[in-house]
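Comments concern the structure below.
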Amino acid sequence: MADTPRSTNERFDEYALRNDFRQYHTMTGLQLWAVVSDTEQLQLTRDIDAIARRWTTAPSPWKEHWDHLVTAAQRWEADPQAMQQALHRIADDFVHTGTTDLASPLQVRNLLVAGELVESRRTDMGFAFAPTPDHIDYTYGYVTSYRSSADGTIWESLRSWSAARQWLIAQAGDTDPNTIVDITITGPDPGSGAASRPLMTGTGLTAAELAEQLHRIDDLLCTTPTPVESSAHSWLDELRYDALCDSYRDTLLEQRNPWTIGHRFELRLRADDLRAAIVDYGDRTGLQSPATRANTDAIEKHLENIRRSVRDRPIEWSTAPQISTWFDDAVADAQHQLDRLTAEGLRLTYIDPAQRNRITTIGFDDDHWYIQHAHTASDDRTLTYDTPPHAYPTCADLPTTPDRHVAGTGGAVPENIIDQLRAFDIELHTLEQNLSCVQQLRDAIRAGVPYTLTRQHGHSAPTSRPPQRGGFTRHATPSDTSAVEQPAPAKPSVPQRKRRQPPKPSAHHHRRRL
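Taking the working numbering, I'd label the letters of the sequence shown as residues 51 to 564.
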């Protein structure tokens, strides 16, 4: 319970304002949700009224600051997404200009304090519990299920989200690839650590599809940053271990950043992934303890020291705004890969075998596929374009066969050219799928709903990110072996549109491959 009301002669300042509001907010929560006696309810009401009366009768501007703090908490309760957007606009101003006209410094701190308290209350109330068996040993906060028609449902408790995905991949590897399977992953409640927040579900997938999609997610989130085996050089193992510990410390500090309201759970996921990687790598490489002793206890003690050092640091309300997390970095990276490929495009040139003076250019430019025909003059050097480029929405729409070719523009496209067009199309489609996957994954985690794995149709995407390459121009004949010298293209009669430069990568990346 709160202390007796402070003297009206007591000094009003920001520290007292924040401290009293924390008590006020906590007690109003107890009043609404706690099971207490009538006497305790009466005492709660008196203490709440005493704090509110002190600040509603405070001299200006402290009364206005109190009213703003109360209103901010109510708005966080009513519409946290709108408040999150407002906070992001303020943070964006600070990042770009070092100040903001949207709120005074004290009002900004009020918004952060109110959001912090409301988020804590929402966490204390818990999340919807996912169905789990009664007999499972809840050693860790990530409970995972794998069900197949042959073996029924298997449950496992694991120490991180990435470990849960790896366990599912291993289960899928032991199952017939065409067997239909269902899966769930439930993550920890941010407050208690108990498994109660659904992270991922999948129904009606084959074991092969499940493994392929989980491999894709691991690659996009870069959750396997260290080698499986230790290095021949102990100093390199120590360097990798220290880098993982530094990332773990940075993630914990980011969790405590007041500006990360609404994103702390995804930072918790990242921290748990790093913690599991540190324990696993340190144990495999024999770090932190003599070879005759088990390493895990020593490593966990080291990690606890890191957590204690972070907890003991006071929250700095002047900390630089943080408007993105590692999830946003993963989305930005996927977007950059797609933007770079579309900006570079594809340009293939070949000679019509029936008419050696006819040249065709075919490929992808920015957002469409195209084909354009030209011919050389009698000097075999002057190049004239016969038609403007014909644009097509998809690779499949290109007239690559005689029956689909534009009248009067030559025969079928050579097979080796078609193969390169299809390879580029598959790569483009894969990067589009990658971007969609990581965006949906981030949005689901932030909304507190499970990400659903579904069956993929269309292109068969590889399980790892396709190799990156620059845009290129290929000159080929149908056999790709002709020794005939290609004519030097003159300036085309139709000016080519200036190519866009690929966007620069984000300055901040969460990945560190070691």
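Glycine included, every Cβ here is placed at the ideal spot set by N, Cα and C.
Distance, residue j Cα to residue i Cα
i, j, result
"S207", "T194", "6 Å"
"Y420", "Q489", "29 Å"
"L167", "E127", "10 Å"
"Q483", "Q387", "12 Å"
"I328", "L264", "21 Å"
"L270", "I98", "49 Å"
"F414", "D383", "22 Å"
"I349", "D333", "8 Å"
"E64", "A164", "14 Å"
"M77", "G498", "26 Å"
"R472", "T150", "50 Å"
"D453", "D429", "Low confidence applies to D453: its pLDDT is 49, below 50, so where it sits in the model is not reliable, and the reading given next is rough at best. Using only the alpha carbons, I get a separation of about 32 Å."
"D323", "R209", "8 Å"
"S297", "G252", "31 Å"
"Q134", "R290", "36 Å"
"T444", "R390", "19 Å"
"V404", "A462", "Note on residue identity: the sequence assigns Ala, not Val, to residue 404. About 11 Å."
"D362", "I495", "29 Å"
"D224", "W217", "11 Å"
"G148", "A132", "23 Å"
"I409", "Q385", "35 Å"
"W376", "L317", "8 Å"
"Y190", "D88", "39 Å"
"R314", "D129", "18 Å"
"L92", "R125", "27 Å"
"D143", "S110", "28 Å"
"S212", "N466", "41 Å"
"D379", "P155", "28 Å"
"G502", "G202", "The amino acid at residue 502 is misidentified as Gly; the sequence shows Thr. So the two alpha carbons sit approximately 21 Å from each other."
"D330", "P500", "27 Å"
"E90", "R358", "35 Å"
"I267", "P238", "20 Å"
"I468", "C295", "49 Å"
"A321", "A446", "44 Å"
"K351", "A326", "14 Å"
Proximity test, residue i beta-carbon vs the ligand ADP heavy atom, cut-off 6 Å
i, result
"Q91", "With respect to the ligand ADP, the structure shown offers nothing to examine, as it has no ligands at all."
Chain C within 7 Å of residue i, Cβ atoms only
i, result
"H423", "Going by chain labels, chain C is absent from the structure shown, which holds only one protein chain."
CB of residue i within 7 Å of CB of residue j, strictly
i, j, result
"V360", "L302", "yes"
"Y192", "A214", "yes"
"P439", "Y400", "no"
"L82", "A122", "no"
"W309", "P364", "no"
"L249", "I233", "no"
"A257", "A222", "yes"
"I356", "R299", "yes"
"I311", "E477", "no"
"V145", "S198", "no"
"T426", "N407", "yes"
Proximal residues to residue i (C-beta, below 7 Å), its chain only, five neighbours per side dropped
i, result
"R505", "G254, L255 and E259"
"I101", "A52, D70, Q73 and Y74"
"F474", "L396 and F414"
"A261", "I219, A222 and G223"
Same chain only: Cβ atoms within 6 Å of residue i, ignoring 5 sequence neighbours per side
i, result
"A538", "Unreliable placement is indicated for A538, whose pLDDT of 42 sits below 50; no coordinate value is reported for it."
"T437", "H423"
"R61", "none"
"L152", "I140"
"I412", "L398 and I421"
"Y442", "W419 and L448"
"S284", "none"
"I204", "Y196"
Contact set for residue i: own chain, Cβ-Cβ below 8 Å, skip 5 residues either direction
i, result
"V381", "L485, V488, Q489 and R492"
"L67", "W105, W112, H115, W116 and L119"
"N228", "T256, A257 and A258"
"A108", "F62 and W116"
"V158", "I140 and T150"
DSSP beta-bridge partners of residue i
i, result
"S195", "W205 and T234"
"R408", "H425"
"L255", "V231"
"T434", "H425"
"A441", "Y420"
"D415", "H418"
message: Restricting to runs no shorter than 4 residues, where is the alpha helix (DSSP H) found entirely within the stretch 273 to 326?
response: 284 to 306
task: Could you name each continuous beta strand (DSSP E) segment of 3 residues or more that falls completely within the stretch 201 to 248, going from the start of the chain to the end?
output: Whole beta strand (DSSP E) segments, 3+ residues: 202 to 208 and 230 to 238.
- request: For the stretch 353 to 406, list the alpha helix (DSSP H) runs that are entirely contained and at least 4 residues long, ordered along the chain.
  value: 376 to 394
- request: Enumerate, from N- to C-terminal direction, the unbroken beta strand (DSSP E) stretches of 3 or more residues contained entirely within the stretch 473 to 512.
  value: Listed in chain order, they are 501 to 503.
task: Could you tell me which uninterrupted alpha helix (DSSP H) segments, each at least 4 residues in length, are contained entirely in the stretch 61 to 147, listed from first to last along the chain?
output: 64 to 83, 88 to 106, 112 to 128 and 130 to 147
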